[in-house]
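Numbered according to my numbering, the sequence shown spans residues 698 to 871. Just so it is clear, CB atoms sit at the ideal spot from N, CA and C, and this is done for glycine as well.
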Amino acid sequence: MLELSILGFLYEESLHGYELKARIQALHGHIRPVSDGALYPAITRLVKTGSIEQRTEPGSGAAHRRILSLTEAGRADLLARLRNPKDVEITDGQRFFTLLAFLRHLPDPPDQAAVLRRRQAFLDTPSSFFYRDGEPVRAEAAPDLFRQGMLRIARATGTEERKWLQEAITSLES
Numbered sequence: 698m699l700e701l702s703i704l705g706f707l708y709e710e711s712l713h714g715y716e717l718k719a720r721i722q723a724l725h726g727h728i729r730p731v732s733d734g735a736l737y738p739a740i741t742r743l744v745k746t747g748s749i750e751q752r753t754e755p756g757s758g759a760a761h762r763r764i765l766s767l768t769e770a771g772r773a774d775l776l777a778r779l780r781n782p783k784d785v786e787i788t789d790g791q792r793f794f795t796l797l798a799f800l801r802h803l804p805d806p807p808d809q810a811a812v813l814r815r816r817q818a819f820l821d822t823p824s825s826f827f828y829r830d831g832e833p834v835r836a837e838a839a840p841d842l843f844r845q846g847m848l849r850i851a852r853a854t855g856t857e858e859r860k861w862l863q864e865a866i867t868s869l870e871s
């Protein structure tokens with residue numbers, strides 16, 4: 698998801714590393730902090746593959762800044778990642794939010810709708826955080842107040858997400 702975030706933000710505009718890190722951090726929040734030890738190796742990998750390029754500009758002080766820009770190969774890479782996300786990018790809520798943050802860059806509404814349909818199909822599959830005898834445990838059958846809370850919150854969130862997905866798919870297909 699880090700590479701998707703880098704490509705997505707650079708699709709919008711060229712940035713220096715600090716600005717890019719701040720935007721990624723804001724997107725992921727406290728859930729997945731972004732360390733320099735993860736960000737800069739990811740940038741290096743993307744430079745080596747030709748997806749992004751770097752140039753040096755004078756900074757506001759004595760230090761120079763490296764400005765990162767997306768290349769045509771990077772644009773193609775981003776669009777391919779958006780068009781065909783990995784299963785985990787559909788099933789993991791936080792990863793799906795990262796995908797949603799950049800899905801608008803995919804130019805074809807039918808392709809956008811296809812991604813949303815994959816998430817919709819995932820949400821329509823019965824699941825739970827807890828199982829008993831191979832069956833998902835519903836909130837009403839959870840053994841304690843706290844697991845009931847987890848399951849009720851997840852159900853409410855899922856209900857709203859399904860509603861939004863249907864609205865978005867309908868809009869994209871009209």
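Note to self: Rounded to whole angstroms, what is the Cα-Cα separation between S825 and V834?
What the structure shows: If you number the sequence shown from 1, residue 825 lands on position 128. If you number the sequence shown from 1, residue 834 lands on position 137. Answer to the nearest angstrom: the Cα atoms are 6 Å apart.
Note to self: Measuring alpha carbon to alpha carbon, tell me which residue in Y828, E870 and A818 is nearest G855.
What the structure shows: Here residue 855 refers to the residue found at position 158 when the sequence shown is read from its first residue. Nearest option by C-alpha distance: A818.
Note to self: Quick check on the burial criterion: 16 or more other C-beta atoms within 10 angstroms. Buried or exposed for S702?
What the structure shows: One-based indexing of the sequence shown puts residue 702 at position 5. S702 should be labelled buried.
Next item on the list: Could I get the ranges of all uninterrupted alpha helix (DSSP H) runs contained in the region 750-774, with 4 residues as the minimum, in chain order?
Entry: Qualifying alpha helix (DSSP H) stretches: none in this window.
Notebook entry, point to check: Can you give the Cα-Cα distance for P789 and R859, rounded to whole angstroms?
Noted result: Position 92 of the sequence shown holds residue 789. Position 162 of the sequence shown holds residue 859. This sequence places Asp at residue 789; Pro is not what is there. For D789 and R859, the distance between alpha carbons rounds to 15 Å.
Notebook entry, point to check: By DSSP, does P807 sit in helix, in strand, or in coil?
Noted result: Here residue 807 is taken as the residue at index 110 of the sequence shown, counted from 1. Shown here, P807 sits in a helix according to DSSP, grouped into three states.
Margin query: Quick check: the region 804-812 against the region 715-729, are at least 3 beta-carbon pairs closer than 8 Å?
Written below: Too few Cβ pairs lie closer than 8 Å, so no.
Note to self: Can you give me the C-alpha to C-alpha distance between R814 and E750, rounded to a whole angstrom?
What the structure shows: Translated into positions along the sequence shown, residue 814 becomes position 117. Translated into positions along the sequence shown, residue 750 becomes position 53. Taking the straight line from one Cα to the other gives about 34 Å.
Checklist line | Reference L707; option with closest CA among A760, L775 and T753 | finding: Within the sequence shown, numbered from 1, the residue matching residue 707 stands at position 10. The candidate whose alpha carbon is nearest that of L707 is L775.
Notebook entry, point to check: Should F874 go down as buried or exposed, given a rule of 16 or more other Cβ atoms within 10 Å for buried?
Noted result: Nothing can be reported for residue 874, as the shown portion of the chain is limited to 698 through 871.
Checklist line | Contact check, Q845 vs A853, beta carbons under 8 Å | finding: Position 148 of the sequence shown, counted from the start, is the residue given in the question as residue 845. Position 156 of the sequence shown, counted from the start, is the residue given in the question as residue 853. In terms of Cβ geometry, Q845 and A853 do not form a close pair [threshold 8 Å].
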